[in-house]
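According to the UniProt record's numbering, the residues represented by the sequence shown are 1 to 254, in order.
C-beta: ideal position from N, C-alpha, C; glycine also.
Notes for the one structure printed next.
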Amino acid sequence: MSFRRYVALGDSFTEGVGNPDPASPNGVRGWADLVAGQLARDNPAFGYANLAIRGRLLRPIIDEQLEGAVAMQPDLVTIYAGGNNLMRPKLDLDALAAEYDDAIGKLAATGARVLMWTAYDGSWAPVFGVLRGRWAVYNELVREIADRHGATIVDFWRFTEYRDLRMWDFDRLHMSAAGHHNMAIRVLDLLDVPHTLEPVRFDEAPLLTRAAQRADDRRWMREFFVPWVAHRVRGISSGDGISPKHPALPPLGS
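See the structure below:
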């Protein structure tokens with residue numbers, strides 16, 4: 001299938017955080033940009049908008065991005081939302097799902113192909129394991145929403161290749177450049193779109209001693225997790241002052 005108008009919505013996952021690129025808007029280039037680049041091949045009329053902003057909760061994504069996306073009359077929409085909500089201490093999953101359901105219904109009503117993601121099972125990583133039950137319930141609710149509106153699930157929960165830490169940035173919360181590249185391939189293959197992206201291949205991972213792993217975990221706690229929690233307590237978002245990287249739908253490269 002050929003797509004002509006692609007709109008990407010969401011948070012840091014879709015903006016591309018973890019894949020730095022000084023030449024790209026907002027200084028990041030992610031899987032959505034890679035997908036758009038492949039969809040634009042031999043398609044001069046193709047247009048791409050990326051409205052995602054890092055740190056956004058579900059409600060701001062809906063309030064700031066949904067209406068504009070619908071107005072663009074897309075034929076392809078990708079949305080990953082709710083991930084930042086899942087990291088909050090208190091959460092009403094049923095209320096979150098109801099808001100998400102309404103948003104997906106409005107996107108599906110445009111006639112576009114809609115892709116939405118399950119949460120990743122990061123329970124193997126320190127700290128995040130306590131959230132596994134919450135993530136699993138969220139995923140079941142997302143699957144129900146997708147079924148109800150004919151959306152397509154990108155089943156991140158089952159992507160076992162992401163158990164390799166090289167698929168993740170240092171913060172273990174955002175994908176690395178390799179992780180974004182792999183996600184673009186996953187999306188293009190799901191859409192059955194021919195592409196030129198080469199599979200991600202790593203050399204054999206070095207074996208860390210238990211002591212080295214503990215030291216790495218302590219460094220992660222000290223340099224990322226503690227400051228991240230402090231920012232949340234103070235109400236500081238990584239998306240403060242950030243604008244959408246591709247806010248409109250001109251032909252790619254125009």
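Per DSSP, cross-strand counterpart(s) of Pro20: Position 20 of the sequence shown, counting from 1, holds the residue named residue 20. According to DSSP, which records beta bridges pairwise, Pro20 is partnered with Val28.
Going by other Cβ atoms of all chains shown within 10 Å of its Cβ, with 16 needed for buried, is Asp189 buried or exposed? In the sequence shown, the residue the question calls residue 189 occupies position 189. Asp189 comes out exposed.
Secondary structure at Ala205, three-state DSSP: helix, strand or coil? Against the sequence shown, residue 205 aligns to sequence position 205. Of the three classes helix, strand and coil, the one that applies to Ala205 here is coil, per DSSP.
Please confirm if Trp124 has its CB atom under 7 Å from at least one CB of chain B. Annotation note: the requested chain B is absent from the structure, which comprises a single protein chain.
What residue range is occupied by the uninterrupted alpha helix (DSSP H) comprising Gln103? By one-based count along the sequence shown, residue 103 stands at place 103. The amino acid occupying residue 103 in the given sequence is Ala; Gln does not appear at that position. Element bounds for Ala103: 93 to 108.
Taking only the alpha-carbon atoms, compute the straight-line gap between Pro89 and Asp164 and give it to the nearest angstrom. By one-based count along the sequence shown, residue 89 stands at place 89. By one-based count along the sequence shown, residue 164 stands at place 164. Using only the alpha carbons, I get a separation of about 27 Å.
What whole-angstrom Cβ distance do Lys245 and Pro25 have, given they're in contact under 8 Å? Locating residue 245 in the sequence shown gives position 245, where the first residue counts as 1. Locating residue 25 in the sequence shown gives position 25, where the first residue counts as 1. About 4 Å; that satisfies the 8 Å criterion.
Following the continuous beta strand (DSSP E) through Trp117, name the residue where it begins and the one where it ends. On the sequence shown, residue 117 is found 117 positions in, with the first residue counted as 1. Segment 113 to 117, the beta strand (DSSP E) holding Trp117.
Using the beta-carbon count (16 or more within 10 Å), is Val142 buried or exposed? Taking the sequence shown and counting its residues from 1, one reaches residue 142 at position 142. Under this definition Val142 is a buried residue.
Quick check on Gly10: does DSSP put it in helix, strand or coil? On the sequence shown, residue 10 is found 10 positions in, with the first residue counted as 1. Strand.
Three-way DSSP call (helix, strand, coil) for Gly55 in this model: Mapped onto the sequence shown, residue 55 falls at position 55. It is coil, neither helix nor strand.
Just checking, does the segment 53 to 66 make contact with the segment 9 to 16 on the three C-beta pairs under 8 Å criterion? yes
Under the three-state DSSP convention, the category Ala47 falls into: Counting from 1 along the sequence shown, the entry for residue 47 is found at position 47. The sequence shown places Gly at residue 47, rather than the Ala named in the question. Of the three classes helix, strand and coil, the one that applies to Gly47 here is strand, per DSSP.
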